[in-house]
Amino acid sequence: MDDLVRELLLSRGIPVTEGEAEVLAERHRALREQRPPSPGPEAWAGD
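Written out as structure tokens, the structure reads:
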């Protein structure tokens, strides 16, 4: 995931080191774990 984060940032012209990408990836993982699960397609259908 760290490589993916780094490649994404570099592709958008944002210089980032491997260490910075690792920190950002870890923060992203932590935030995803805190977020409640999103509802499935059945919730989008409405009544």
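With the numbering used here, letter number 39 in the sequence shown gets 49, and the count goes up by one each step, no holes. Positions of the beta carbon are idealized from the N, C-alpha and C atoms, including for glycine.
Taking the Cβ atom as the reference point for each residue, do Ala-40 and Asp-12 lie within a distance shorter than 8 Å? Within the sequence shown, residue 40 is the residue found at index 30, counting from 1. Within the sequence shown, residue 12 is the residue found at index 2, counting from 1. Cβ distance not < 8 Å, so Ala-40 and Asp-12 don't count as in contact.
Please identify the residue among Pro-46, Arg-16 and Gln-44 whose C-alpha is closest to the C-alpha of Glu-32. In the sequence shown, residue 32 corresponds to position 22, counting from 1. Here the closest residue by C-alpha is Arg-16.
What are the start and end residues of the alpha helix (DSSP H) that includes Ser-48? To locate residue 48, count along the sequence shown from 1; it is residue 38. Here Ser-48 belongs to no alpha helix (DSSP H), and DSSP marks it neither H nor E.
Would you kindly work out how many angstroms separate the C-alpha atoms of Pro-51 and Gly-29, rounded to a whole number? Translated into the one-based positions of the sequence shown, residue 51 becomes position 41. Translated into the one-based positions of the sequence shown, residue 29 becomes position 19. Their backbone Cα atoms lie some 37 Å apart in a straight line.
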